[in-house]
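Worksheet: the structure to be examined is printed underneath.
Number of protein chains: 2
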Amino acid sequence: MTVEKINLSDKFGKLPAGDYAVRLVAKMNNYDFKIVKFKGDFIWHSHPETDETFIIMEGTLVMNFRERKVEVHAGEMIVIPKGVEHKPSSEDGYRAILIEPEGVSNTGDVRSEITIEKIEWV
Amino acid sequence: MTVEKINLSDKFGKLPAGDYAVRLVAKMNNYDFKIVKFKGDFIWHSHPETDETFIIMEGTLVMNFRERKVEVHAGEMIVIPKGVEHKPSSEDGYRAILIEPEGVSNTGDVRSEITIEKIEWV
Numbered sequence: 001m002t003v004e005k006i007n008l009s010d011k012f013g014k015l016p017a018g019d020y021a022v023r024l025v026a027k028m029n030n031y032d033f034k035i036v037k038f039k040g041d042f043i044w045h046s047h048p049e050t051d052e053t054f055i056i057m058e059g060t061l062v063m064n065f066r067e068r069k070v071e072v073h074a075g076e077m078i079v080i081p082k083g084v085e086h087k088p089s090s091e092d093g094y095r096a097i098l099i100e101p102e103g104v105s106n107t108g109d110v111r112s113e114i115t116i117e118k119i120e121w122v
Numbered sequence: 123m124t125v126e127k128i129n130l131s132d133k134f135g136k137l138p139a140g141d142y143a144v145r146l147v148a149k150m151n152n153y154d155f156k157i158v159k160f161k162g163d164f165i166w167h168s169h170p171e172t173d174e175t176f177i178i179m180e181g182t183l184v185m186n187f188r189e190r191k192v193e194v195h196a197g198e199m200i201v202i203p204k205g206v207e208h209k210p211s212s213e214d215g216y217r218a219i220l221i222e223p224e225g226v227s228n229t230g231d232v233r234s235e236i237t238i239e240k241i242e243w244v
């Protein structure tokens with residue numbers, strides 16, 4: 001078996017243009033490592049079955065919760081506990097590594113026009 | 123529930139002096155997020171029960187496999203598949219995020235004087 005490293009800058013550089021894109025970059029057991037770029041206001045949702053981790057690589061993610069918000073900057077991470085409603089926002093955009101089990105929907109318990117049926121590899 | 127972010131630079135700054143330290147910084151489901159700093163030659167080992175992920179934050183990790191080696195630099199990551207023998211090395215030292223299930227031994231299937239019985243939080 002040949003084990004290859006993953007260069008995250010290279011992977012971010014291959015994302016399509018636009019304010020939102022998410023792609024798979026690696027698997028660990030039954031967990032996905034994805035890269036995501038996002039600018040704007042996401043939708044309120046939760047993941048009833050799992051925690052979800054964001055590691056911010058560039059920019060600032062404003063993670064809104066119902067009772068408060070947390071600004072997560074490059075070099076910081078946050079674990080969203082399962083079942084906790086959250087709405088990611090970013091005025092200037094952020095790039096992050098997203099870690100969660102396989103098959104988790106990007107919009108969690110909510111179906112929306114931004115729900116992605118199947119995340120592609122990059 | 124109050125969800126707190128984690129500042130990785132702050133956490134690295136709290137590691138004890140020396141060439142090797144590993145501490146817990148977060149949990150996601152039954153997985154651990156640890157930070158590790160290491161300089162020198164680790165020991166050959168494998169994790170028969172799980173994959174293991176390194177995200178390099180500073181410096182260069184040389185991941186030795188039996189048939190080759192891979193240099194993993196800051197901004198790169200590598201997933202070591204379960205059961206694959208590996209020996210981390212670093213001439214000048216590296217800092218990384220380490221992600222794996224709870225309870226995984228730092229020396230895997232090998233017991234050694236550097237085996238840590240219980241990883242502490244920082």
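Protein sequences appear in the order of chains A and B. If you read the first sequence in our numbering, its first letter stands for residue 1, the second for the next number, and so on. If you read the second sequence in our numbering, its first letter stands for residue 123, the second for the next number, and so on. Every residue gets a Cβ at the ideal spot worked out from N, C-alpha and C, and that includes glycine. Since we're looking at a predicted model, the values are computed, not measured.
What are the boundary residues of the alpha helix (DSSP H) that includes residue i?
{"i": "residue 135 of chain B", "result": "130–135"}
Strictly below 7 Å CB to CB, what residues from chain B border residue i?
{"i": "residue 81 of chain A", "result": "123, 125"}
{"i": "residue 29 of chain A", "result": "172, 173"}
Who are the Cβ neighbours of residue i in its own chain at under 8 Å, not counting the five residues just before and after it?
{"i": "residue 92 of chain A", "result": "39, 59, 60"}
{"i": "residue 48 of chain A", "result": "82, 83, 108, 109"}
{"i": "residue 165 of chain B", "result": "209, 229, 232, 234, 236"}
{"i": "residue 242 of chain B", "result": "145, 146"}
{"i": "residue 11 of chain A", "result": "23, 25, 35, 122"}
{"i": "residue 66 of chain A", "result": "85"}
Among residues of its own chain, excluding the 5 on either side of residue i, which ones have a beta-carbon nearer than 6 Å to its beta-carbon?
{"i": "residue 163 of chain B", "result": "211"}
{"i": "residue 19 of chain A", "result": "39, 40"}
{"i": "residue 52 of chain A", "result": "80, 100"}
{"i": "residue 77 of chain A", "result": "55"}
Looking at the secondary structure, which residues open and close the beta strand (DSSP E) in which residue i lies?
{"i": "residue 163 of chain B", "result": "153–163"}
{"i": "residue 147 of chain B", "result": "142–150"}
So, at 7 Å on beta carbons, what are the nonlocal neighbours of residue i in its own chain, with the 5 sequence-adjacent residues on each side left out?
{"i": "residue 62 of chain A", "result": "69, 71, 89, 90"}
For a contact defined as C-beta to C-beta under 9 Å, what are the partners of residue i on chain B?
{"i": "residue 78 of chain A", "result": "125, 126, 127, 128, 148"}
Please classify residue i as buried or exposed, where buried requires at least 16 other C-beta atoms within 10 Å of its C-beta.
{"i": "residue 228 of chain B", "result": "buried"}
{"i": "residue 2 of chain A", "result": "exposed"}
{"i": "residue 148 of chain B", "result": "buried"}
{"i": "residue 102 of chain A", "result": "exposed"}
{"i": "residue 195 of chain B", "result": "exposed"}
{"i": "residue 238 of chain B", "result": "exposed"}
Who are the neighbours of residue i on chain B, taking C-beta pairs under 8 Å?
{"i": "residue 35 of chain A", "result": "What residue 35 of chain A touches in chain B: nothing, since even the nearest Cβ is about 10 Å away."}
{"i": "residue 46 of chain A", "result": "Ordered by position in chain B, no residue passes the 8 Å Cβ test against residue 46 of chain A, which lies about 12 Å from the chain."}
What residues from chain A crowd round residue i, counting only those whose CB sits closer than 9 Å?
{"i": "residue 181 of chain B", "result": "Here the premise fails: no neighbours, minimum Cβ distance about 14 Å."}
Legend entry - Secondary structure, alpha helix (DSSP H): runs of 4+ residues fully inside the segment 184–222 of chain B: Qualifying alpha helix (DSSP H) stretches: none in this window.
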